[in-house]
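The structure under discussion appears below in the form of structure tokens.
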Amino acid sequence: MSHQGWNQLAAQFEESVCDITASSGEQLEELVEAVHPTRRQTLVDAGCGIGSFAKRFGPQFGKVIAFDFASAMVRRARRRCRELTQATWQTLPLEDAGAKLGEVGHLVACLNVITSPRALMRTGQWNSLVQLVRPGGHLLVVVPSLESARHVAEQDAEAFGGTLEAENDLIRRCDTEQKHYTRQELRRALVSRGMRFFALRRIHYPWDDDGLDSTSAKTPWDWVCLAKKPLAA
């Protein structure tokens, strides 16, 4: 989505965007607890949106660094998270964050951010994201699932109303084109950058978060992974 479009969504984020932090129940909590957060550690919320992840998990950390490329999102996040006195908020594109901030995060969270239809943009964002993680630190990433998109389309193709560009795994819905990932593609994106996997699983969310009404027992999902950056040799 464009900078202007993302800024315009800030005021109506909850009605327009599937907020995976709000929709995931205890699924994210389990993975955050696995890294044993302490008040001596720094949380980085990369592509923070309206600050949902920072608001929920930030109190467990001594420092929170949150950024988004849309200034309206950052302003709303700051207002929603006033109680996070240990937090700093920046307007900053993900692809520039690694070079600017360096290896700062004991836990770096990035939820459904690396979805640009442009491959070159995504490569820069993946590289920057890994750069933000301290050696020995962890990366928590959520990406849209291609397998889930296919499942949703099979349940109700007309209501899904999307198109799939098979060659590049791009889904177009509601005039927005997004990259979706297979399980193996997500693994390759991080392993190729030196990360070691702890967990890679589905994170389910309700059908109505996808704008659909289905009786299928299998609800839609994103892929979520927890990976660790090895200590420097």
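Heads up: the sequence shown is residues 3 to 235, going by our numbering.
Even glycine gets a Cβ: it sits at the ideal position worked out from N, Cα and C.
Only a predicted model underlies this, so the values are computations on that prediction, with no experimental measurement involved.
- With respect to the beta strand (DSSP E) encompassing Ala111, which residues constitute its N-terminal and C-terminal limits? Gly107 to Leu113
- Helix, strand or coil for Glu17 per DSSP? Bear in mind that a pLDDT of 43 at Glu17, under 50, signals an unreliable position, so the model cannot answer this.
- Message: At the 9 Å Cβ level, is Gln92 part of the contact set with chain D, yes or no?
- Response: Looking for chain D here will not work: only one protein chain is present.
- May I have a chain-ordered list of the alpha helix (DSSP H) segments no shorter than 4 residues that lie completely inside the stretch 71-105? 73-82 and 96-103
- Query: Are three or more beta carbon pairs between the stretch 114-121 and the stretch 76-89 nearer than 8 Å?
  - Reply: no
- Query: Going straight from the alpha carbon of Tyr207 to that of His153, what length do you get?
  - Reply: 14 Å
- From Ala234 to Glu105, what does the alpha carbon distance come to, in whole angstroms? 12 Å
- Is it right to say Gln186 is buried, meaning 16 or more other beta carbons lie within 10 angstroms of its own, or is it exposed? exposed
- According to DSSP, what are the bridge partners of His206? Trp223
- Look at the Cβ atom of Phe69, then the Cβ atom of Leu109, and state whether they are nearer than 9 Å. no
- Query: In the structure shown, what three-state DSSP assignment does Val37 receive?
  - Reply: coil
- Message: Based on DSSP bridge pairs, tell me the residues matched to Glu179.
- Response: Arg174
- Message: Spatial neighbours of Asp171 within its chain, please: C-beta separation below 6 Å, excluding the five flanking residues on both sides.
- Response: Leu148 and His182
- Roughly how many whole angstroms lie between the Cα atoms of Asn129 and Leu202? 19 Å
- Express the C-alpha separation of Gly53 and Pro39 in angstroms, rounding to a whole number. 18 Å
- Below 6 Å CB to CB, which residues in the same chain sit around Asp21 once its five sequence neighbours on both sides are set aside? Ser54
- Task: Leaving aside the five residues before and after Gly100 along the sequence, list all residues of the same chain whose C-beta is less than 6 Å from its C-beta, in chain order.
- Result: Ser130, Gln133 and Leu134
- Query: For Ala12, which three-state DSSP category applies?
  - Reply: In this predicted model, Ala12 has a pLDDT of only 45, less than 50, meaning its place in the structure is not dependable enough to derive any value.
- Message: Taking DSSP's pairing of strands, which residues face His140 in a bridge?
- Response: Leu109 and Lys230
- Task: Could you check what DSSP says for Leu45 in three-state terms: helix, strand or coil?
- Result: strand
- Task: Could you tell me if Gly138 is buried or exposed, where buried requires 16 or more neighbouring beta carbons within 10 angstroms of its beta carbon?
- Result: exposed
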